[in-house]
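Participant: Just so you know, we're using the working numbering here: the sequence shown kicks off at 287 and counts up by one.
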Amino acid sequence: MIPPQLIEKIKFSQSLVILTGAGVSAESGIPTFRDLVTGVWQNFDAQKLASADGFVADPALVWSFYEWCRDKVSKIEPNPAHHAIASLVSKIPNLSVITQNVDDLHERAGNNGVIHLHGRLNHSRCFRCNEPHADLENNAAKKSPLDRDQIIDPPHCRKCGGLIRPDVIWFGEALPQNEYNLSEVLCMEADLLLIIGTSGLVYPAANLPYLAKQAGARIAQINYEVNEFESIADFNLYGKAGKLLPLLCQLAFG
Ligand code: BV8
Ligand code: ZN
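1) With a threshold of 7 Å on Cβ separation, who are the neighbours of Lys428 within its own chain once the five nearest residues in sequence on each side are excluded?
2) Taking 8 Å as the cut-off, is the CB of Ile401 close to at least one heavy atom of ligand 1?
3) Output needed for Tyr496: all residues of its chain with C-beta closer than 8 Å, excluding positions within five of it in sequence on either side, in chain order.
4) In whole angstroms, give me the CA-to-CA distance for Tyr524 and Gly307.
5) Going by C-alpha distance, which of Lys499, Asn493, Ile482 is nearest Glu511?
6) State the CB to CB distance for the pair Gly458 and Ser337, rounded to an integer number of angstroms; the pair is presumed to be in contact (CB under 8 Å).
7) Ignoring anything shorter than 4 residues or poking outside the region 453-527, list the alpha helix (DSSP H) runs there in chain order.
8) Could you name the residues of the same chain whose beta carbon sits closer than 8 Å to that of Lys297, not counting the 5 residues immediately before and after it, in chain order?
9) Please find out if some non-hydrogen atom of ligand 2 comes closer than 8 Å to the beta-carbon of Arg451.
10) Is it true that the region 435-447 meets the region 458-477, where meeting means three or more beta-carbon pairs spaced less than 8 Å apart?
11) So Ala367 and Leu478 are supposed to be a Cβ contact under 8 Å. How far apart are they, rounded?
12) My output table needs one value for His419: the three-state DSSP class, helix, strand or coil.
13) Please report the distance separating the alpha-carbon of Arg394 from that of Lys499.
14) Under the assumption that Ser314 contacts Leu391 (Cβ atoms under 8 Å), give the Cβ distance between them as a whole number of angstroms.
15) Smallest Cα separation from His404: which of Glu294, Pro462, Cys355?
Written out as structure tokens, the structure is:
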């Protein structure tokens, strides 16, 4: 049951911010990070696979893990939740989408200008000088699929010869300053913040809903289970994003 007040809030929102987490991609078949490192890569702990120390210790292992992830993500599709969010662009004058996810499913559903707080799987940069590494972007899909146990060396930076790393933000690394500052401003100016599929455990992204609340925004969230934002949300919708979000858009905009 979707509260009529929420439908009205969305329909007449003048500045809607949508914040997504791994739950918005779950129904596309993207395992959440934890499932990934307990699944086929379970004999490697997350610290080794997704951290700067892990990369320094074994660049080929970490690079191969992300090549394997890129290959998996390139084979799956955006789900109805991504498409519902993309459909709002033409209906709400001032809509911003902020994501913690590193996949490109929002973009592939037609959302441009998404703010990625934790980087992007399909981008890479030099570990030493941060120079973006273009190769990856244009032939991600053309790469031969990497089997789980294939270990390949990362490429080298054309500028300084340093090792190329995935352009994602690992634990202990600062979020991109511009993206995070913009996200704070947008959340403090929002009249409604819609949170989709995030546990609210990862900071500083998890600060954003509290900032929005303090600044006077109404908070709504769609989640599969109770989470950290339960107590500050004005509307808590429990269920799958791929089902509830299209229904919400349908009720608001027909
Ligand atoms: C930083 C990219 C400082 C990598 C990721 C102690 C207390 C508080 C904070 C800390 C602490 N110790 C350390 C910290 C900081 C740390 C942190 O927050 N740790 C937490 C875990 C305790 N944060 C950091 O390290 C950040 N950096 O603080 O830097 C600094 C400052 C200056 C200079 C230097 C350093 C960096 C954080 C970014 C880490 N990188 N990803 C990669 O993926 O390879 S985070 C990673 O986890 C993903 O991005 C993912 O998005 C995120 C987890 O969050 P969620 O998106 O919420 O995903 P999750 O699986 O947790 O939840 C999914 C939700 O969806 C669930 O609620 C589920 O119920 C729901 N769901 C599932 N299916 C559905 C659904 N809902 C609806 N429909 C469904 N179908
Ligand atoms: Zn370099």
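Beta carbons are placed, not taken as given, at the ideal position from N, Cα and C, and that holds for glycine.
Facilitator: Taking the coordinates as given:
1) Residue numbering aside, residue 428 sits at position 142 when the sequence shown is read from its first letter. Confidence is the limiting factor: at Lys428 the pLDDT is only 46, short of 50, which leaves the residue's position unreliable and the question unanswerable from this model.
2) Taking the sequence shown and counting its residues from 1, one reaches residue 401 at position 115. Outside the cutoff, so no.
3) Residue 496 sits at position 210 when you count from the first residue of the sequence shown. Cβ within range, chain order: Ile518.
4) Against the sequence shown, residue 524 aligns to sequence position 238. Against the sequence shown, residue 307 aligns to sequence position 21. Each residue's Cα considered, the two are about 15 Å apart.
5) One-based indexing of the sequence shown puts residue 511 at position 225. Of the candidates Lys499, Asn493, Ile482, the one whose C-alpha sits nearest the C-alpha of Glu511 is Ile482.
6) On the sequence shown, position 172 is the one that residue 458 refers to. On the sequence shown, position 51 is the one that residue 337 refers to. Yes, Gly458 and Ser337 are in contact; Cβ-Cβ is about 7 Å, under 8 Å.
7) Complete alpha helix (DSSP H) runs here, min 4: 463-475, 494-500.
8) Counting from 1 along the sequence shown, the entry for residue 297 is found at position 11. Excluding positions up to five away in sequence, the list reads Ala538, Phe539.
9) Taking the sequence shown and counting its residues from 1, one reaches residue 451 at position 165. Arg451 Cβ: outside cutoff for every heavy atom of ligand 2.
10) no
11) The residue given as residue 367 occupies position 81 in the sequence shown. The residue given as residue 478 occupies position 192 in the sequence shown. The C-beta distance from Ala367 to Leu478 rounds to 17 Å, too long to meet the 8 Å contact threshold.
12) Numbered from 1 along the sequence shown, position 133 holds the residue referred to as residue 419. In this structure, His419 counts as coil in the three-state DSSP scheme.
13) Here residue 394 refers to the residue found at position 108 when the sequence shown is read from its first residue. Here residue 499 refers to the residue found at position 213 when the sequence shown is read from its first residue. Each residue's alpha carbon lies about 30 Å from the other.
14) Along the sequence shown, read from residue 1 onward, the residue named residue 314 stands at position 28. Along the sequence shown, read from residue 1 onward, the residue named residue 391 stands at position 105. The pair is a contact, with the Cβ atoms about 6 Å apart (cut-off 8 Å).
15) By one-based count along the sequence shown, residue 404 stands at place 118. Taking only the C-alpha atoms, the option nearest His404 is Pro462.
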